Amino acid sequence: MDPAAAKLIGAGLACSALIGAGVGIGSIFGNFLSGALRNPSAAPGQFPNLLLGFALAEATGLFGLVIALILLFVF
Amino acid sequence: MIDGLFISAAHAAAAAESGGHHGGGGFNPMHQFVIDRYVPIKLFGYDASFTNSSLWMVMATGLVIAFLVLSMKNAGNVPNRVQSLSEITYEFVANMVRQNAGSGGMPYFPVIFTIFMFVLSMNLIGMIPIPGLGAFTVTSHIIVTFALAAFVFIGVTVIGIAKHGLRFFKLFVPSGVPLLLLPLITVIEIISYFTRPISLSVRLFANMMAGHTMLAVFGSFVVGLGILGGWVPLTFMVLLMGLEILIAFLQAYVFAVLSCIYLSDALHAGSH
Chain X
116 MDPAAAKLIG AGLACSALIG AGVGIGSIFG NFLSGALRNP SAAPGQFPNL
166 LLGFALAEAT GLFGLVIALI LLFVF
Chain P
0 MIDGLFISAA HAAAAAESGG HHGGGGFNPM HQFVIDRYVP IKLFGYDASF
50 TNSSLWMVMA TGLVIAFLVL SMKNAGNVPN RVQSLSEITY EFVANMVRQN
100 AGSGGMPYFP VIFTIFMFVL SMNLIGMIPI PGLGAFTVTS HIIVTFALAA
150 FVFIGVTVIG IAKHGLRFFK LFVPSGVPLL LLPLITVIEI ISYFTRPISL
200 SVRLFANMMA GHTMLAVFGS FVVGLGILGG WVPLTFMVLL MGLEILIAFL
250 QAYVFAVLSC IYLSDALHAG SH
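Protein chains in written order, with the numbering used here: chain X, 116 to 190; chain P, 0 to 271.
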């Protein structure tokens, strides 16, 4: 295979890390909503944890993006 | 290697700029990350030039100092609007340190507050384009975030060893683990400890860089579709701007919270 083509395919494949980020963010917000509807009075206290979990889950997907950029620009 | 990423990304952007209109009309979403030397300085063989990155860092720091000094200038028992804004900021970070590191972490409150305000101001000021300077986010370069994370990592390790001595290394040997699993767990704990500065810095850098690249790509849609069709992506741009401001705040918060958690690990290393 042409190395340039392999590089581009690899960079594209690396972006599939965002699948996991999508699942993670959906799971966090879904679980927060189901918990918050069961006990609405406890929900505001957990809002910082919700945002923290969202940011951590999103960042994991972006690591894949960094791999893609390294593949594109370093090699 | 990651430093090389930037140099080659910047070169690619510069090449696309000088090459003029080829491919996608000469537009490169990476162009916003190019570093310009304003005042070239050579120091002991190292390049210590005053760049646009330095300029934006100075602006961010100046903004924080001006905000905190001016808001507390006419401080009274009954706070006015600006004073209560800076008091809210103080209380927010103080609560964060108290909740995550305990009251034993309060001596380290000033450094956490500094890190939080520095990262937050750099993230937010990068959202504002200034005529003649463009928009530049300092935290979208990994060398900046890695330097911050390395300071946190080294500082926290030094604090832990100074406080607990050799008992600090109990951090890598969790109690209550079956003897058979212990060697494996210890290796995993050591690896996870040493990847902390990398994950801490890459998280902030990747969020900022991906967000700004996305904004640039959507901005090119607005320009490309012209005055008739450009309104649709423009609506998305406004929403994405809101999301980016949220992310700018969140990532500063996450950086500070994780610094607190690492500090808490070091302070309570002997007790688990």
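Heads up, the beta-carbon is just placed ideally off N, CA and C, and yes, glycines get one too. Keep in mind it's a predicted model, so treat the numbers as computed, not measured.
Query - Status (buried if at least 16 other CB within 10 Å, exposed otherwise) for CYS130 of chain X - result: exposed
Requested in this report: Consult DSSP for THR194 of chain P and reduce its assignment to one of helix, strand or coil.
Outcome: coil
Report task. Using beta-carbon positions only, say whether SER70 of chain P and LEU84 of chain P come within less than 8 Å of one another. Result -> yes
**Report entry** Helix, strand or coil at VAL253 of chain P according to DSSP, with G and I counted as helix
**Finding:** helix
Query raised in the report: Is the CB of VAL118 of chain P under 8 Å away from at least one CB in chain X?
Result: no
Query raised in the report: Anyone know if the C-beta pair for MET126 of chain P and ILE244 of chain P falls short of 8 Å?
Result: yes
Report task. Let me know if ALA146 of chain P comes out buried or exposed under the rule of 16 or more other beta-carbons within 10 Å of its beta-carbon. Result -> exposed
**Report entry** ASN164 of chain X versus P:VAL253, P:THR212, P:ALA74 and P:ASP264, residue with shortest Cα-Cα distance
**Finding:** P:VAL253
Report task. Can you pull the chain X residues whose beta carbon is under 9 Å from the beta carbon of VAL253 of chain P, in chain order? Result -> LEU166, LEU167, ALA170, LEU171 and ALA174
Query - chain X contact for LEU249 of chain P (CB, 8 Å cutoff) - result: yes
Report task. Identify, in the order they occur along the chain, each residue of the same chain with its Cβ nearer than 6 Å to the Cβ of GLY23 of chain P, setting aside the five sequence neighbours on each side. Result -> For GLY23 of chain P, the predicted structure reports a pLDDT of 46, less than 50, and the residue's modelled location is therefore unreliable. The matter cannot be settled from this model.
Query - DSSP bridge partner residues for ILE129 of chain P (one or two, in chain order) - result: P:GLY133
Query raised in the report: Could you give the C-beta distance for VAL176 of chain P and ILE187 of chain P, rounded to a whole number, given that I count them as a contact under 8 Å?
Result: With 8 Å as the limit, VAL176 of chain P and ILE187 of chain P do not qualify as a contact, their Cβ atoms being about 11 Å apart.
Query raised in the report: Assuming VAL137 of chain P and VAL143 of chain P make a contact with CB atoms under 8 Å, what is their CB distance in whole Å?
Result: 5 Å
Query raised in the report: Going by beta carbon distance, what residues of the same chain come within less than 6 Å of MET208 of chain P, once the five residues before and after it are set aside?
Result: SER139
Query raised in the report: Just how far apart, CA to CA, sit HIS20 of chain P and ALA121 of chain X?
Result: Interpretation of HIS20 of chain P is limited by its pLDDT of 39, a score under 50 that renders its predicted location unreliable; the figure taken from the coordinates is listed afterwards. Between HIS20 of chain P and ALA121 of chain X, the C-alpha separation is close to 27 Å.
Report task. Give the range of the beta strand (DSSP E) segment to which VAL38 of chain P is assigned. Result -> 36–38
Query raised in the report: Quick one: what does DSSP say ASP264 of chain P is sitting in, helix, strand or coil?
Result: helix
Query raised in the report: What's the gap between the Cα of ILE158 of chain P and the Cα of PRO39 of chain P?
Result: 37 Å
Query raised in the report: With distances taken between CB atoms, is the gap from PRO28 of chain P to THR234 of chain P smaller than 8 Å?
Result: no
Report task. Can you give me the Cβ contacts of ILE246 of chain P inside the same chain, cut-off strictly under 7 Å, excluding the 5 residues immediately before and after it? Result -> ASN206 and GLY210
Requested in this report: In angstroms with no decimal places, state the Cα-to-Cα distance between ILE197 of chain P and PHE178 of chain X.
Outcome: 11 Å
Query raised in the report: Do we get a CB-CB distance below 8 Å when we pair ARG195 of chain P with the residues of chain X?
Result: no
Query raised in the report: Of the choices P:ALA251, P:PRO78 and P:GLY75, whose alpha-carbon is the least far from that of THR113 of chain P?
Result: P:ALA251
Query - Within-8 Å CB hit, PHE162 of chain X to chain P - result: no
**Report entry** Range covered by the alpha helix (DSSP H) that runs through LYS162 of chain P
**Finding:** 141–163
Report task. With DSSP collapsed to three states, give me the class of LYS72 of chain P. Result -> coil
Query raised in the report: Are three or more beta carbon pairs between the region 42–61 of chain P and the region 114–125 of chain P nearer than 8 Å?
Result: yes
**Report entry** PHE32 of chain P versus VAL221 of chain P - alpha carbon distance
**Finding:** 21 Å
Query raised in the report: Mind checking whether PHE108 of chain P and ALA93 of chain P have CB atoms under 8 Å apart?
Result: yes
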